[in-house]
Amino acid sequence: MRDAENALLEIRKAALKQSGQRSNFTIWVGAALSLVLLSLVYLGLVRAKLQSEELKVALLELKRLEAMRDSLNAMLVHDLRTPLTTILGPLEMLQTEQFGALEETQREIIGMSLFSSRRLLGLVNELLDISKMEAGEMKLRRASLHPQVVIDEALKHIALAEYDGAARIERDTPETLPLLQADEELITRVLINLLGNAMKFTPASGKITLGLRECTPLNVLPARLKPSANQPKMEHLNVESLLFCVRDTGEGIPPEDIDRIFDKFGQVESREAGRKMSSGLGLTFCKLAVEAHGGVIWVESEVGQGSTFYFTIPLRSTKADEEETKTSEAAAALS
């Protein structure tokens, strides 16, 4: 009997010892797993911090490069515009024979010099205006104006410019039109750029049509540009506007160039000339100037059939325009 009790006692001792070993093993495993998890969390935090620091450094570098670019643009524009203005004065005096009569060869040379200088000055001014609009520093000088005044001024400018084998320009505008609240200089330059492009790409036997009518942008936008159902409503697309269009019978634009034609330095190559036909700044300026007014601009084209550029200008200022004007005035008052 006593032997049986001793045997049971030994069995219990062995069981307790084994249980203790298992408990110790479980504790060690748990501690090891906790240590691994803590290490992973720590490494994750360190990695996130490093990535955050790298991102901050990258953003600072990007801002530094942007500041350098803007400073370089401003310097180039200033250093180019000042001497160009100085050059233009004497050339214009020579052309008007204020220093004496000119021979035909001299007249041609001075004419070419004037044309090139004016074109370069126009590019410099365009680059400066684009930089200002991209930075939100361009202030619109809105005033009531008749659309025909803008059209007349643009056509007068095109008539004075010398285009090889100039195509004829026709008007398609109603007799009565409402007044615009817009910056006359900017809208005139938009039309000059669009008409100038049409002249470059249209043969002498072709035709350019300048049209104008009232519209609601949402009703005339092509399907590819209309906002989808899940996009927020855009107030400027429902405002009564004037629709300008410049239609030509020129080369047309390849489909692959349609989406990038308004990008800065986005150039289109002439199929006939086999070279770039513009600086790639004019249409960028047009887009920024139109959008600054709360309008939209787009192009529809088919290779070999010509192109039509459209843009809208609201007949009245939208709430967003009014708020932007107030913000600009407040900022100007504080500065």
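Anchor point for the sequence shown: position 29 equals 34 in our numbering, and the numbering is continuous, going up by one each time.
A virtual CB, placed ideally from N, CA and C, is assigned to each residue, including glycine.
Computed from a predicted structure; not experimentally measured.
query	result
In angstroms, rounded to a whole number, what distance separates the CA positions of Leu45 and Lys54?	14 Å
Rounded to whole angstroms, what is the Cα-Cα separation between Ile135 and Leu293?	7 Å
Name the two residues that bound the continuous beta strand (DSSP E) containing Lys212.	Lys212 to Cys220
So, with DSSP's three-state summary, where would you put Pro152?	helix
Can you grab the Cα-Cα spacing for the pair Phe120 / Glu71, in whole Å?	33 Å
Taking C-alpha atoms, which residue in Leu145, Asn202 and Ile174 lies nearest to Glu190?	Leu145
Rounded to whole angstroms, what's the CA-CA distance from Ser333 to Thr207? Just pull it up for me.	For Ser333, the predicted structure reports a pLDDT of 47, less than 50, and the residue's modelled location is therefore unreliable. A value from the coordinates is still provided. Near 41 Å, if we compare the C-alpha coordinates of Thr207 and Ser333.
Opposite Ser312 in the DSSP bridges: which residues?	Ser306
What whole-angstrom Cβ distance do Leu286 and Glu131 have, given they're in contact under 8 Å?	5 Å
Let me check one thing: in DSSP terms, what residues is Glu175 bridge-paired to?	Thr214
Assuming Leu242 contacts Leu223 (C-beta within less than 8 Å), just tell me the rounded distance between them.	4 Å
If you draw a straight line from the C-alpha of Thr214 to the C-alpha of Arg176, how long is it?	6 Å
What residues match up with Ile318 in a beta bridge as DSSP calls it?	Leu247
When you compare each of Thr317, Ala297 and His298 to Val304 by their alpha carbons, which one comes out closest?	Thr317
Give me the Cβ distance between Leu247 and Leu320, rounded to the nearest whole Å; I'm assuming they're in contact under 8 Å.	6 Å
Do Gly311 and Asp268 come within 8 Å of each other at the CB atom, strictly closer than that value?	no
What do you reckon, are the CB atoms on Leu343 and Leu150 nearer than 8 Å?	Summary: the structure shown does not reach residue 343, with the chain confined to residues 6 through 340, and so no result is reported for it.
Confirm, please, whether the CB-CB distance from Leu165 to Ile174 is below 8 Å.	no
Which of helix, strand or coil does DSSP assign to Ala337?	Low local confidence applies: a pLDDT of 42 at Ala337 is under 50, so the model's placement there is unreliable, and no value is given.
Between Ile197 and Ile156, is the Cβ-Cβ spacing less than 8 Å?	no
In the DSSP assignment, what are the bridge partners of Leu185?	Leu150
Given a cut-off of 8 Å, decide if Leu99 and Leu126 are closer than it, judged by their beta-carbon atoms.	no
If you measure between the beta carbons of Val225 and Val295, is that distance less than 8 Å?	no
Which of the three DSSP states is assigned to Arg252 in this structure?	strand
Taking C-beta to C-beta, are Ala209 and Ala172 nearer than 8 Å?	yes
Ends of the alpha helix (DSSP H) at Ala297?	Gly287 to Ala297
Thinking C-alpha only, which one of Asp264, Val308 and Ser306 is nearest Thr289?	Asp264
Please list the terminal residues of the continuous alpha helix (DSSP H) segment that includes Gly127.	Glu109 to Glu139
Check the C-beta distance from Gly358 over to Gly309 and give it rounded, since I have them as a contact under 8 Å.	Within the shown structure, residues of the chain are numbered from 6 to 340, placing residue 358 beyond reach of any answer.
For the alpha helix (DSSP H) that contains Pro260, what are its first and last residues?	Pro260 to Ile263
Taking the straight line between their C-alpha atoms, what separation do you get for Val51 and Glu142?	41 Å
How is Met204 classed by DSSP in three states: helix, strand or coil?	helix
Using 10 angstroms around the beta-carbon of Lys281, count the other beta-carbons present and answer buried if the total reaches 16, otherwise exposed.	Bear in mind that a pLDDT of 49 at Lys281, under 50, signals an unreliable position, so the number given afterwards is only what the model happens to contain. It counts as exposed.
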